[in-house]
Amino acid sequence: MFLPVVANVVVEDLTLNDEEINKVVEVWYQASIRCHHFISEQYWRDNREVMAKLYIPGSHTRVAKCGGQTVGFVSLVGNTLASIFIHPDYQGMGIGKRLLQSACNERSELQLNVYCQNTNAIAFYRWHGFIDVAEGVDEYTGQPAITMKWSANK
Numbered sequence: 015m016f017l018p019v020v021a022n023v024v025v026e027d028l029t030l031n032d033e034e035i036n037k038v039v040e041v042w043y044q045a046s047i048r049c050h051h052f053i054s055e056q057y058w059r060d061n062r063e064v065m066a067k068l069y070i071p072g073s074h075t076r077v078a079k080c081g082g083q084t085v086g087f088v089s090l091v092g093n094t095l096a097s098i099f100i101h102p103d104y105q106g107m108g109i110g111k112r113l114l115q116s117a118c119n120e121r122s123e124l125q126l127n128v129y130c131q132n133t134n135a136i137a138f139y140r141w142h143g144f145i146d147v148a149e150g151v152d153e154y155t156g157q158p159a160i161t162m163k164w165s166a167n168k
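Here the numbering used here = 1-based position in the sequence shown + 14.
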């Protein structure tokens with residue numbers, strides 16, 4: 015199935031207020047239960063407040079908006095790409111690519127962890143120049159994960 019590229023997407027820094035943070039958390043939640051089906055939905059529900067109160071405010075987050083609606087985001091903590099999530103209704107439209115390019119434009123190196131079962135994300139990161147550097151287990155979920163790195167100075 016062909017999905018169109020969304021042309022009217024605006025990428026901007028997240029405004030740190032409860033309303034905007036809650037929109038980001040909702041994107042995170044919806045994308046997490048769709049893409050991480052191998053982790054219980056309860057895990058994601060239980061972590062919504064932590065995302066809203068600690069995680070998002072503690073990172074540099076840029077949001078993708080389409081028609082004023084928050085449809086995706088990328089969060090950086092130093093040189094770590096801590097998260098990139100696109101609402102399921104907007105996946106496959108080039109929004110993740112725009113957000114990843116935004117992050118790469120801000121850093122000369124990036125590192126991330128991705129679940130081994132999230133094969134679409136692994137392929138996405140490899141396509142954009144990330145390489146596998148280690149394998150391990152996520153300390154919170156117990157799921158196998160891969161550490162990947164990207165460098166502008168290849």
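A virtual CB, placed ideally from N, CA and C, is assigned to each residue, including glycine.
Being a predicted model, the structure only gives us computed values, none of them experimental.
Between Ala-166 and Ser-122, the C-beta spacing is below 8 Å.
Pairing Gln-157 with Ile-70 gives a Cβ-Cβ distance that is not under 8 Å.
For the segment 95 to 144, the continuous alpha helix (DSSP H) assignments of 4+ residues that do not extend past its boundaries occur at 109 to 120, 133 to 141, in sequence order.
DSSP places Ser-46 in the helix class (H, G or I) of the three-state scheme.
Excluding residues up to 5 positions away in sequence, nothing lies with its Cβ nearer than 7 Å to the Cβ of His-51 in the same chain.
With 16 or more other CB atoms across the displayed protein chains lying within 10 angstroms of its CB, Trp-42 is buried.
Between the beta-carbon of Ala-45 and that of Ile-100 there is about 6 Å, and that keeps the pair under the 8 Å contact cut.
Under DSSP, Phe-52 takes part in no beta bridge, so it has no partner. By the Cβ neighbour-count rule, Ile-145 is exposed, with fewer than 16 other Cβ atoms within 10 Å of its own. Contact between Glu-120 and Leu-90 is confirmed by a C-beta separation of about 7 Å, below the 8 Å threshold. In the DSSP assignment, Met-162 forms a beta bridge with Leu-126, Asp-146.
In the structure shown, Glu-26 adopts extended strand secondary structure according to DSSP, grouped into three states.
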